[in-house]
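Sequence order for the protein chains is A and B. Here my numbering = 1-based position in the first sequence + 97. Here my numbering = 1-based position in the second sequence + 19. Note that CB positions come from ideal geometry on N, CA and C, so glycine has one too. Since the structure is predicted, the reported quantities are computational estimates derived from the model, not experimental observations.
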Amino acid sequence: MSRFLVKRLAGAFVVLVLVSLMSFAIIWLVPGDPTAAFLDTSATPDQVARLRQQLGLDRPIAMQMLDWYARIVQGDLGHSILLNRSVTAAILERLPVTLSLAGLALAFALVMGVLAGIVAAVHHNRWPDQLVMSLALFGLSVPDFWLGIMLILLFAVKLGLFPTGGYVPFSEDPFGWAGTIIMPALTLAIIQVGFVARMTRASMLEILNQDFIRTADAKGLKRAEIMLRHGLPNALIPILTVGGIVAGALLGGAVIIEQVYSIPGVGRLIIGGILSRDYPVIQGGLLFLAVIYLTVNLVVDILYAVADPRVRLE
Amino acid sequence: MSGDMQRPILSVQGLTTVLARSGATILEDISFSLTPGEVLGVVGESGSGKSMLALSIMGLLPNVVRRSRGIVSLDGDELTAQSPDHWREKRGRDLAMIFQEPMTALNPVMRVGNQIAEVLRRRRGLSGYEASKEALNLLRLVEIPSPEKRISAYPYELSGGMRQRVMIAIALAADPKVLIADEPTTALDVTVQAQILDLLRKLRRDRGLSLLFITHDLGVIAEIADRVMVLYAGRVAEIAPVRSIFDDPQHPYTQALLASIPDMKGPRGRLVTIEGSVPAIGGMLEACRFSPRCPFRRDICEWERPHLGVVSGQQAAACFRPFGYEQPLEAVI
């Protein structure tokens, strides 16, 4: 188990090095002078030179890289030119927003998806299965930004049940928080619900054909006991992997949904950074998302070992 | 040998199963009974319907197969006449089964102790603590080495032989009246096979277990069975006490099966085989299904089905060769 963990950690470290290298290289790979974004065409060569110096662009590339690594290992992701504040602070400030959005969406996706998948598998090829699969296909096909707008029109504008957007911190007003976060989280989750439902169904159907399910049946266990005690724990193993992929996809999806619902999260910060070529924000945001993604996958790997005793064996 | 006087613990009459879609027969008109404490061996080649017979009795037929006719009664309780839930209630309580493949028949993510205790809690109403104590006793009963350690093991940590012992412990957990063993030793190597057979023999002796023992291995049959039923292509070819089967086989198929056992003592020669192969489901003859491979084939064999007829005493065979079928069939099954 510990060897398994060490291996996964080493793998995560390699990915992190590569991502940090790519984040660093962005500034050089994107065509155009980074300073052009902050200065208008009337800027004097003197002003450009000063900005280059401020950004450290005048120093040799190797020095810049060393500098970059020295900073990021201390958790310093640089200074946003546009916001005129530390990128790390800006991200941390918005992190709870994005985490509550993505976390709630993940809970929706897993709970609804797994339940729907089990129902479909248990009633394989009968109407509940067909209904679930049709809904899953709908969920997978509908664009999330369109769904978001439609939900705003229906529930916020027409029915007035939820606000059209914005965000209220949980600590200030739990009900207000729920009101602002439930609709975006559902919108974000809907694609993943379809995905999880299909995977759960496929996984359950495969497990239900296994010999040990017949053994459970030969024990005279009730159908529900067979499903929940023998079917689901085995079917969960592939579903866990899917959970990791879903969590990653939700983080990416949150960027768009934050935009649709005007939620001040990390996604909007990064989009703002991209639109205004605020390189420190882009670099920092990229690195930060990679770290979250790696953490999620590491957690999934650990859960994998919890769910399947065979994985603990190396 | 168990007398005919005793009431059968398990009785199967006219059991016929078909493929749900095409209606092709898999088992046809199978009748036999099992008396308390008796071991009935069921032999046949792959595809003869042995496993299907076991699943039919358990009420565990896969969706693609349907019982079209026939009665299964357990200790006078006609299971086929009652609800699937009633049958489910009987499973794991009065009726238990051991499967051929111990490697896949256990839940891979559940500790073996829990897999045994599950039956005890549900079937004997034991509490969690009592159930795990009893599970330990069962592991001892099936002679698993260091049971205190194995009780919390996962199946992948056990060898094939140990897993089969766990399966037997699960089957015995609810103290069943009838145990069906579907090729329980086939997937194991020879020494382990002998140990498992010893164990089953001992359990039968100590607990008076009635056993339906399915195998394709006549050597195993000779060691454990009181009576033998030979299946061919879904029909009963012959049914007789084990001595009669080995000393005086009547059906040409039984004779051919026995002839194909390699003889270790005699001079080494080519292995004897039965020409041809078991007909495929759907492609079976209405007439004698063994006739295409039978050395004694006559015209009648190709257009009429031979019914099971008494040869002598408890021996019956389904063949047109002149045995003198005067006695009624009921005397045997």
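What is the residue span of the beta strand (DSSP E) that residue i lies within?
i: S331 of chain B; result: 328-331
i: S67 of chain B; result: Unbroken run through S67 of chain B: none, as it is neither H nor E.
i: T44 of chain B; result: 44-53
i: Q334 of chain B; result: 334-336
i: D201 of chain B; result: 197-201
i: V31 of chain B; result: 29-38
i: A115 of chain B; result: 114-117
List the residues of chain A whose Cβ lies closer than 9 Å to the Cβ of residue i, in chain order.
i: L79 of chain B; result: R311, D314, A315
i: L125 of chain B; result: D308, F309, T312
i: F118 of chain B; result: D308, R311, T312, A315
What distance in whole Å lies between the Cβ atoms of residue j and residue i, which are believed to be in contact at a cut-off of 8 Å?
i: T234 of chain B; j: E202 of chain B; result: 5 Å
i: L372 of chain A; j: A187 of chain A; result: Their Cβ separation, rounded to whole angstroms, is 15 Å, which puts L372 of chain A and A187 of chain A out of contact at 8 Å.
i: L216 of chain B; j: V239 of chain B; result: 7 Å
i: G214 of chain A; j: V293 of chain A; result: 7 Å
i: V397 of chain A; j: G340 of chain A; result: 6 Å
i: L250 of chain B; j: K109 of chain B; result: The Cβ separation is near 24 Å, so there is no contact.
i: P271 of chain A; j: I354 of chain A; result: Not quite, the Cβ-Cβ distance comes to about 21 Å (not below 8 Å), so this is no contact.
i: L160 of chain B; j: L125 of chain B; result: L160 of chain B to L125 of chain B, Cβ: 18 Å. No contact.
i: F232 of chain B; j: G60 of chain B; result: 5 Å
Residues of chain B with CB under 7 Å from residue i, in chain order?
i: R407 of chain A; result: P127, Y175
Tell whether a beta-carbon distance below 9 Å holds between residue i and residue j.
i: W125 of chain A; j: I178 of chain A; result: no
i: A115 of chain B; j: I199 of chain B; result: yes
i: I123 of chain A; j: L383 of chain A; result: yes
i: L46 of chain B; j: G328 of chain B; result: no
i: A202 of chain A; j: L391 of chain A; result: no
i: I90 of chain B; j: L34 of chain B; result: yes
i: Q183 of chain B; j: P127 of chain B; result: no
i: V62 of chain B; j: V197 of chain B; result: no
i: L193 of chain B; j: R143 of chain B; result: The question names Leu, but residue 193 of chain B is Ala in the sequence shown. Contact flag set, yes.
i: A233 of chain A; j: R147 of chain A; result: no
i: L113 of chain A; j: A387 of chain A; result: yes
i: T277 of chain A; j: I399 of chain A; result: no
i: Y376 of chain A; j: L136 of chain A; result: no
Residues of chain D with CB under 9 Å from residue i, in chain order?
i: A404 of chain A; result: Among the protein chains of the structure shown, namely A and B, there is no chain D.
Which of the three DSSP states is assigned to residue i in this structure?
i: Y251 of chain B; result: strand
i: Y344 of chain B; result: For Y344 of chain B, the predicted structure reports a pLDDT of 46, less than 50, and the residue's modelled location is therefore unreliable. A value from the coordinates is still provided. It is coil, neither helix nor strand.
i: M20 of chain B; result: Confidence is the limiting factor: at M20 of chain B the pLDDT is only 43, short of 50, which leaves the residue's position unreliable and the question unanswerable from this model.
i: M122 of chain B; result: coil
i: E190 of chain A; result: helix
i: R226 of chain B; result: helix
i: Q274 of chain B; result: helix
i: V116 of chain A; result: helix
i: M303 of chain B; result: coil
i: E162 of chain B; result: coil
i: I280 of chain B; result: coil
i: R184 of chain B; result: helix
i: E97 of chain B; result: strand
i: R316 of chain B; result: coil
i: R88 of chain B; result: strand
i: S197 of chain A; result: helix
i: T234 of chain B; result: strand
i: V211 of chain A; result: helix
i: P330 of chain A; result: helix
i: V291 of chain B; result: coil
i: L59 of chain B; result: strand
What in chain A is Cβ-close to residue i, meaning under 7 Å?
i: V138 of chain B; result: K316
i: E149 of chain B; result: Within 7 Å Cβ-Cβ: nothing; E149 of chain B doesn't reach chain A, min ~18 Å.
i: I28 of chain B; result: Going along chain A, no residue has its Cβ under 7 Å from I28 of chain B, so there is no contact; the nearest lies around 18 Å.
Under DSSP, the alpha helix (DSSP H) around residue i begins and ends at which residues?
i: I178 of chain A; result: Where I178 of chain A is concerned, there is no enclosing alpha helix (DSSP H), given that its DSSP letter is neither H nor E.
i: L283 of chain A; result: 271-305
i: A146 of chain A; result: 142-152
i: V403 of chain A; result: 376-404
i: M230 of chain A; result: 224-238
i: E137 of chain B; result: 131-143
i: A313 of chain A; result: 308-315
i: Y175 of chain B; result: Careful: Y175 of chain B lies outside any alpha helix (DSSP H) and carries neither H nor E.
Give the residues of chain A in contact with residue i, contact being defined as C-beta atoms less than 8 Å apart.
i: G111 of chain B; result: A315, K316, G317, L318
i: E108 of chain B; result: G317
i: I300 of chain B; result: Going along chain A, no residue has its Cβ under 8 Å from I300 of chain B, so there is no contact; the nearest lies around 20 Å.
i: I189 of chain B; result: T312, K316
i: A256 of chain B; result: Result: empty, since nearest Cβ-Cβ is about 28 Å, beyond 8 Å.
For residue i, go through chain B and note every residue whose CB falls closer than 9 Å to its CB, in chain order.
i: P330 of chain A; result: N126, V128, M129
Run down chain B in chain order and give the residues with a C-beta less than 8 Å from the C-beta of residue i.
i: H327 of chain A; result: N126, M129
The ligand ADP and residue i: does the residue's C-beta get closer than 8 Å to at least one heavy atom of that ligand?
i: G253 of chain B; result: Judged by which ligands are present, the structure shown has none, so any question about the ligand ADP falls away.
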